[in-house]
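Residue numbers (the numbering used here): 5 to 236. No residue lacks a Cβ here, since even glycine has one placed at the ideal position from N, Cα and C. What you are looking at is a predicted structure, and each value in this text was computed from that prediction instead of being measured. Have a look at the structure below before the remarks.
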Ligand code: SF4
């Protein structure tokens, strides 16, 4: 009984989510999958236990922040800091901290033991997100702090601001925004279908119907409808 009630709570939360602007977490992601999110293309819904795992990640972030807030060696200038409002992208860094000399943007990521063990350097997608925080906050240094969800071990990486990378990511958002506004579905990513993003992609089925390069969203929708009729 409780399982059904709790599952429903999580599944209802993800229904009818409309995306109108980019999130920092979209940085460096497959542009086609971000396009599909904006257009509310049919997708494989996430299972309730995966959604609960995201909540668990938030809980771990709070535990880490509690220890930093009690520390005398680090000053938490602000936590859950939203980037300055503008039309293109929104996001919220876990914290801005200071060691008394310099400011750092802190981004906390949690993962299972297997991924944590293999982590010799920070993940590219996490660096992308941090670079955008550094760009918007005008802070030259950031820290990626990884937490092993299974045993609470930590790994940290200091990241310097890379202006060229941040501007490249903003330009990518700009060009994707143009495609969204003009209904042009972006190309599949290089590495399709074996890339890890494809393996976990909720839009795999819609993506497979389309062409590999840029294409009209209208044409893809017609192809989707044709395929559904053939199935019926
Ligand atoms: S299956 Fe791969 S290429 Fe297609 S939308 Fe998903 S991530 Fe992008």
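Put residue i into one of helix, strand or coil per three-state DSSP.
| i | result |
| --- | --- |
| residue 150 | strand |
| residue 185 | helix |
| residue 121 | helix |
| residue 83 | strand |
| residue 169 | helix |
| residue 7 | helix |
| residue 76 | coil |
Count the other CB atoms, across all protein chains shown, that sit within 10 Å of the CB of residue i; report buried if there are 16 or more and exposed otherwise.
| i | result |
| --- | --- |
| residue 213 | exposed |
| residue 162 | exposed |
| residue 223 | exposed |
| residue 203 | exposed |
| residue 9 | exposed |
| residue 133 | buried |
| residue 13 | exposed |
| residue 115 | buried |
| residue 33 | buried |
| residue 73 | exposed |
| residue 236 | For residue 236, the predicted structure reports a pLDDT of 42, less than 50, and the residue's modelled location is therefore unreliable. A value from the coordinates is still provided. With fewer than 16 other Cβ atoms within 10 Å, it is exposed. |
| residue 44 | exposed |
| residue 217 | exposed |
| residue 158 | exposed |
| residue 121 | exposed |
| residue 58 | exposed |
| residue 36 | buried |
| residue 66 | exposed |
For the beta strand (DSSP E) containing residue i, name the first residue and the last one.
| i | result |
| --- | --- |
| residue 108 | 107-115 |
| residue 163 | 158-164 |
| residue 101 | 96-102 |
Where does the unbroken alpha helix (DSSP H) through residue i begin, and where does it stop?
| i | result |
| --- | --- |
| residue 131 | 128-141 |
Taking residue i and residue j to be in contact with their CB atoms under 8 angstroms, please state how far apart those CB atoms are, rounded to whole angstroms.
| i | j | result |
| --- | --- | --- |
| residue 135 | residue 170 | 5 angstroms |
| residue 87 | residue 42 | Incorrect: roughly 19 angstroms between the Cβ atoms, too far for contact. |
Next on the checklist: Which runs of the alpha helix (DSSP H) at least 4 residues long sit entirely within the region 13-50? Give them in chain order.
Outcome noted: 35-42
Next on the checklist: Ignoring anything shorter than 3 residues, give me the beta strand (DSSP E) runs that lie fully in the region 194-222, in order along the chain.
Outcome noted: none
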